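Note sheet for the following structure.
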Amino acid sequence: MEALLSVWYGRHGRDLPWRTTRDPYAILVSEVMAQQTQVERVVPRWERWLERWPTADALAAASPGEVITEWQGLGYNRRALNLHRAAQHIAAHGWPDDLTELPGVGRYTADAVACFAFGRDVLPEDVNVRRVTDRTGATFSPAAAQALMDLGATVCLARIPRCGICPLAEGCPSRGRRYEPLRKQGPLEGSFRQRRAQALRAVVAGEQPSDEEAVTALARDGLVHVRDGLVSLPSAP
Ligand code: SF4
Numbered sequence: 239m240e241a242l243l244s245v246w247y248g249r250h251g252r253d254l255p256w257r258t259t260r261d262p263y264a265i266l267v268s269e270v271m272a273q274q275t276q277v278e279r280v281v282p283r284w285e286r287w288l289e290r291w292p293t294a295d296a297l298a299a300a301s302p303g304e305v306i307t308e309w310q311g312l313g314y315n316r317r318a319l320n321l322h323r324a325a326q327h328i329a330a331h332g333w334p335d336d337l338t339e340l341p342g343v344g345r346y347t348a349d350a351v352a353c354f355a356f357g358r359d360v361l362p363e364d365v366n367v368r369r370v371t372d373r374t375g376a377t378f379s380p381a382a383a384q385a386l387m388d389l390g391a392t393v394c395l396a397r398i399p400r401c402g403i404c405p406l407a408e409g410c411p412s413r414g415r416r417y418e419p420l421r422k423q424g425p426l427e428g429s430f431r432q433r434r435a436q437a438l439r440a441v442v443a444g445e446q447p448s449d450e451e452a453v454t455a456l457a458r459d460g461l462v463h464v465r466d467g468l469v470s471l472p473s474a475p
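Numbering (my numbering), first residue to last: 239 to 475.
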């Protein structure tokens, strides 16, 4: 199956800029940005980020406020702070052997950096990779990681896979199946997240947000400072 997948990838693989580098910092930034944001939206933001902070040392020297401001629009702002803390860890101690020691780096992100930057023999399993391996029941080597990600993102879709154009269809036991929609985020969950994002946007714009509950949650996560009733971005590096 892997050979078929490789041929398909050669023709249909996505052309993403971080696939041409082996710089672990650049790859870490791309992976953290893409955790909950569509890759099409990540590409220009990743390029801008790397222009502004081309190395972990450069990012480590920025203030949290600058980092949060640059992150605006990517969502899930805690990722920005964790990335900043990870850069500070790398600047101070180098890259740890166990990459999950870095703030905000879970199993998948650690494996992605290990595979794509350090060439380690590990297959990073994101939701797309897992879907294809589960449905085909096949085993793939780490060399197939990017191809599996692209197949899962563009062909082996969560609900209605496009088996008619799939290079693995012939040997796939799940060919032609349909799947139930995944659980959607509850309206309350979604709206509080929006309120938090709105309050943070206001702080970034130099305004005082009126949503105290949202501000309390942001302060708890270190995304804002509250002093004498005034809300600001964290400034200490
Ligand atoms: S044949 Fe269908 S279910 Fe199987 S891997 Fe391809 S798209 Fe997914």
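No residue lacks a Cβ here, since even glycine has one placed at the ideal position from N, Cα and C.
Here the structure is a predicted model, which is why all the values come from computation and not from measurement.
Is residue 353 near the ligand SF4, going by C-beta to nearest heavy atom under 7 Å?
no
Beta-carbon contacts of residue 447 that lie in its chain and below 7 Å, excluding the five residues immediately before and after
437, 440, 441, 453 and 469
Can you give me the start and stop residues for the beta strand (DSSP E) that residue 470 sits inside?
468 to 470
Got a sec: does the ligand SF4 put a non-hydrogen atom nearer than 7 Å to the Cβ of residue 406?
yes
Tell me the rounded alpha-carbon separation between residue 359 and residue 455.
40 Å
With a threshold of 7 Å, establish whether the CB of residue 244 neighbours any heavy atom of the ligand SF4.
no
Residue 368 by DSSP, collapsed to three states: which one?
helix
Run the proximity test for residue 374: is its beta-carbon closer than 7 Å to any non-hydrogen atom belonging to the ligand SF4?
yes
Nearest-angstrom Cα separation, counted from residue 433 out to residue 465
21 Å
Taking the alpha carbon of residue 294 as the reference point, which residue from 367, 347 and 323 has its own alpha carbon closest?
323
I want to know whether the segment 393 to 413 touches the segment 373 to 385 - three or more CB-CB distances under 8 Å.
yes
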